[in-house]
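Peer 1: Quick note: the sequence shown uses this note's numbering, first residue 1, plus one each step.
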Amino acid sequence: MGTLSYSFVVPTHNSAGFASRLFDSIPRRDDTEVIVVDDHSAPDELAATRELAVGLPNLVFLESEGRGAGAARNVGIAAARGRWLVFPDSDDYFTAALPAAMDKYAQADCDLVMFRPATAGDVPRTAVFEEMFDRGDIVEFGYTQGSMWSKFIRRDLVEAHRVRCSETMVCNDLYFSVQAFAASAKPVLDPATIYVLTVRPGSLAIREQPLADLVTRADEAVRATQFIRNHAGADWRKAVPNSGYILREAFAWHGVPGLLAVARRYAGHHVPLFHEPGLGKLPKRALSALWAGTFGKAKYAAARTRGE
Numbered sequence: 001m002g003t004l005s006y007s008f009v010v011p012t013h014n015s016a017g018f019a020s021r022l023f024d025s026i027p028r029r030d031d032t033e034v035i036v037v038d039d040h041s042a043p044d045e046l047a048a049t050r051e052l053a054v055g056l057p058n059l060v061f062l063e064s065e066g067r068g069a070g071a072a073r074n075v076g077i078a079a080a081r082g083r084w085l086v087f088p089d090s091d092d093y094f095t096a097a098l099p100a101a102m103d104k105y106a107q108a109d110c111d112l113v114m115f116r117p118a119t120a121g122d123v124p125r126t127a128v129f130e131e132m133f134d135r136g137d138i139v140e141f142g143y144t145q146g147s148m149w150s151k152f153i154r155r156d157l158v159e160a161h162r163v164r165c166s167e168t169m170v171c172n173d174l175y176f177s178v179q180a181f182a183a184s185a186k187p188v189l190d191p192a193t194i195y196v197l198t199v200r201p202g203s204l205a206i207r208e209q210p211l212a213d214l215v216t217r218a219d220e221a222v223r224a225t226q227f228i229r230n231h232a233g234a235d236w237r238k239a240v241p242n243s244g245y246i247l248r249e250a251f252a253w254h255g256v257p258g259l260l261a262v263a264r265r266y267a268g269h270h271v272p273l274f275h276e277p278g279l280g281k282l283p284k285r286a287l288s289a290l291w292a293g294t295f296g297k298a299k300y301a302a303a304r305t306r307g308e
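(1) Under the assumption that Ile138 contacts Ala180 (Cβ atoms under 8 Å), give the Cβ distance between them as a whole number of angstroms.
(2) Taking the Cβ atom as the reference point for each residue, do Tyr175 and Ala96 lie within a distance shorter than 7 Å?
(3) Assign Asp89 to one of three DSSP states: helix, strand, or coil.
(4) With a threshold of 8 Å, are at least 3 pairs of Cβ atoms found where one atom belongs to the stretch 41 to 60 and the other to the stretch 11 to 20?
(5) So does the stretch 190 to 198 actually touch the stretch 162 to 177, counting three or more Cβ pairs closer than 8 Å?
(6) Checking the sheet assignment: what are the DSSP bridge partners for Leu197?
(7) If you scan the stretch 60 to 88 from start to end, which runs of the beta strand (DSSP E) of 3 or more residues do you find wholly inside it?
(8) Provide the residue span of the beta strand (DSSP E) that contains Phe8, from first to last.
(9) For Lys104, which three-state DSSP category applies?
(10) Does DSSP put Arg229 in a helix, in a strand, or in coil?
(11) Identify whether Phe251 lies in helix, strand or coil by the three-state DSSP scheme.
(12) Exposed or buried, Thr135, counting other C-beta atoms within 10 Å across all chains shown (16 or more means buried)?
(13) So what does DSSP say about Asp190, is it helix, strand or coil?
(14) What do you get for Ser288, buried or exposed, if any count of 16 or more other CB atoms within 10 angstroms of its CB means buried?
(15) Check Glu33 in the structure and name its three-state DSSP category.
(16) With Arg154 as the anchor, note down where its beta strand (DSSP E) starts and where it stops.
(17) Under the rule that 16 or more other beta-carbon atoms within 10 Å means buried, what is Ala160, buried or exposed?
(18) Cα separation between Asp31 and Thr3?
(19) Would you say Ser166 and Gly76 are within 7 Å of each other, going by their C-beta atoms?
(20) Whose C-beta lies closer than 6 Å to the C-beta of Ala302 among residues of the same chain, with five residues either side of it excluded?
(21) Taking 7 Å as the CB-CB cut-off, is Ala42 touching chain C?
(22) Does the Cβ-Cβ distance between Gly258 and Leu189 come in under 7 Å?
(23) I need the straight-line Cα distance from Leu247 to Phe23, nearest angstrom please.
(24) What did DSSP end up calling Phe18 once you bin it into helix, strand or coil?
(25) Under a three-way DSSP split, which group does Thr3 fall into?
(26) For the alpha helix (DSSP H) that Val139 lies in, which residues bound it at each end?
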C-alpha cells in the first residue's frame, strides 16, 4: 500500500437502509481508506452494513460500544493513516465534485478546507450556513459552522492538538470543529460543493428532540463559546455557535418551560443570547418569557456593560 492521502471516517448505527448511497459516492482510489465504525447496531444491521462496505478502498471495519457518533469517530481517528481526515454522516452523500477536490488538496499547503454546504431537503439551519459561507468571512464560518462534514481536516493538526469529539449522544462534533479551526494555521474556504446533507424520517433536523438532548446541545454550545472567547480575540462575538437554533427548537417542542430550561444553561455562563439574530424568529411571548425568566432587564444591562 502506498501513502494514503485521505481517511474517510464513517460512524454507523443501524445504517444499512441508507448507507449504500454514501458508500457508492466515495471514490475508489489507491490513496484513500475508508474506516467504518459501527456503533453497536442490531446484529442484522451490522451484518448488512459489513456487506455494503465490501469494495470500499482500503476498508477498515471497526466496532464501537454504543456511546454515540462522537465516540465512534474518535475510534476511527485513532485508526486513521491518511494525510487528510474526512467525516461524512452515513445518511448523506458526496457529489461528483469530490474527486477533483481530492486531487486539488492531496498535497496542498493548507491544513483545513471548508467547502460550501448543500442540502437535499428543507433544513433552515443549513441554509444559514450557506448564506454565511457566501459572505466569505472565514472566522465567522470557521467557528460557527460546528459540523465536521463537508471539510478536509489534516490529521497531523488533529493529533498535534489532541482534537477529539465530545462523547455525548448529540452535538458531539461542535467542540471538535471549533478546536480544529482555532488550531488551523492555513484554513481555506472552497466554493465547490462536494457534500450533500440529507433529511430522512427520524433525522434530528425534523423530529422532536427530547429536552435532555437540547440541554446537552446548550451545554456543548456553552463549552464551545468559552473556548472561542479564549481563541478568537476581538472577533469572538461573531463566532458564537448558533444558540438561537437550539432555543427555537426548545420552544417549538417544549414550550416556554423548555425554552427557559435551555436558556438558563447559557445564562449561567454569560453567553450573549440577546446578540443572537436567530432569536428574532421566536414569538413575542417567548421573548418576553426569556427576558423575564432567564436574565431580567437589569442583569442583561449589566452583561452588556461588561461587554459579554
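Cβ atoms here follow ideal geometry from the backbone N, Cα and C, with glycine treated the same way.
Peer 2: Quick answer:
(1) Residue mapping note: residue 138 aligns to position 138 of the sequence shown, counting from 1. Residue mapping note: residue 180 aligns to position 180 of the sequence shown, counting from 1. Not confirmed; about 13 Å, so no contact.
(2) Here residue 175 is taken as the residue at index 175 of the sequence shown, counted from 1. Here residue 96 is taken as the residue at index 96 of the sequence shown, counted from 1. Against a cut-off of 7 Å, the Cβ pair of Ala96 and Tyr175 comes out as no contact.
(3) One-based indexing of the sequence shown puts residue 89 at position 89. In the structure shown, Asp89 sits in coil (DSSP, three-state: anything other than H, G, I, E or B).
(4) yes
(5) no
(6) The count along the sequence shown starts at 1 and reaches residue 197 at position 197. Leu197 pairs with Thr119.
(7) 60 to 64 and 84 to 86
(8) Residue 8 sits at position 8 when you count from the first residue of the sequence shown. Residues Tyr6 to Thr12.
(9) In the sequence shown, the residue the question calls residue 104 occupies position 104. The answer is helix: DSSP assigns Lys104 an H, G or I state.
(10) Along the sequence shown, read from residue 1 onward, the residue named residue 229 stands at position 229. Residue state, collapsed to three classes: helix.
(11) Within the sequence shown, numbered from 1, the residue matching residue 251 stands at position 251. Helix, per DSSP.
(12) What you label residue 135 is simply residue 135 of the sequence shown in a count that begins at 1. Looking at the sequence itself, residue 135 is Arg, so the reference to Thr does not match. Arg135 is exposed by the Cβ-count criterion.
(13) As a working note, residue 190 is residue 190 in the sequence shown. Correct three-state label for Asp190: strand.
(14) The sequence position of residue 288 within the sequence shown is 288, counting from 1. Per the 10 Å Cβ criterion, exposed.
(15) Residue mapping note: residue 33 aligns to position 33 of the sequence shown, counting from 1. DSSP places Glu33 in strand when its eight states are reduced to three.
(16) Position 154 of the sequence shown, counted from the start, is the residue given in the question as residue 154. Residues Lys151 to Arg154.
(17) As a working note, residue 160 is residue 160 in the sequence shown. Ala160 should be labelled exposed.
(18) Reading the sequence shown from its first residue, position 31 is the one you call residue 31. Reading the sequence shown from its first residue, position 3 is the one you call residue 3. Distance between the alpha carbons of Asp31 and Thr3: 6 Å.
(19) Walking along the sequence shown from the start, residue 166 turns up at place 166. Walking along the sequence shown from the start, residue 76 turns up at place 76. Their beta carbons are not under 7 Å apart, which means Ser166 does not touch Gly76 by this criterion.
(20) Numbered from its first residue, the sequence shown carries residue 302 at position 302. Since pLDDT at Ala302 reaches only 42, below the 50 mark, its modelled position is unreliable, and no value is offered.
(21) Looking for chain C here will not work: only one protein chain is present.
(22) Locating residue 258 in the sequence shown gives position 258, where the first residue counts as 1. Locating residue 189 in the sequence shown gives position 189, where the first residue counts as 1. No, the pair does not count as a contact, with Cβ atoms beyond the cut-off.
(23) Taking the sequence shown and counting its residues from 1, the one referred to as residue 247 is at position 247. Taking the sequence shown and counting its residues from 1, the one referred to as residue 23 is at position 23. Their backbone Cα atoms lie some 35 Å apart in a straight line.
(24) One-based indexing of the sequence shown puts residue 18 at position 18. Of the three classes helix, strand and coil, the one that applies to Phe18 here is coil, per DSSP.
(25) Translated into positions along the sequence shown, residue 3 becomes position 3. Of the three classes helix, strand and coil, the one that applies to Thr3 here is coil, per DSSP.
(26) One-based indexing of the sequence shown puts residue 139 at position 139. Looking at the DSSP string, the run of the alpha helix (DSSP H) that includes Val139 is Ile138 to Thr144.
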